[in-house]
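> Sharing a structure here in structure tokens format.
Now the structure itself:
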């Protein structure tokens, strides 16, 4: 599956089933740009286990506020609609793979 861009309107639906890693980001954020290729790699290798979605916090402040996102990138891992884990700031691929595998 490709990484999906989500909005306030479809975020709940996009994270409601299975394991979903939500990337809260913004176009001007340096660490967000650094983590993007890492997420692309994980998507290519682990798309059977996890769906990755990206939410632009500048355009979708309601969802970011609902989940208390104060700094970006913030990665929230959802399982069937519930937050089960999180990572804040740039994370190496291995750390994110471990995070996902812990809940897969």
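Numbering (full-length UniProt numbering), first residue to last: 1 to 104.
Just so it is clear, CB atoms sit at the ideal spot from N, CA and C, and this is done for glycine as well.
Quick check: what's the CA-CA separation for residue 17 versus residue 53?
Cα atoms of residue 17 and residue 53: separation of roughly 13 Å, rounded to the nearest angstrom.
> Closer than 6 Å by C-beta to residue 14: which residues in its own chain qualify, once you throw out the five before and the five after it? Chain order, please.
6, 53
> How is residue 82 classed by DSSP in three states: helix, strand or coil?
Looking at residue 82 - three-state DSSP - the assignment turns out to be strand.
> Here's the rule: buried if 16 or more other CB atoms are within 10 angstroms of the residue's CB, otherwise exposed. What is residue 28?
exposed
> Pairing CB atoms from the region 85-96 with CB atoms from the region 35-47, are three or more of them under 8 Å?
yes
> Helix, strand or coil: which one does DSSP assign to residue 57?
coil
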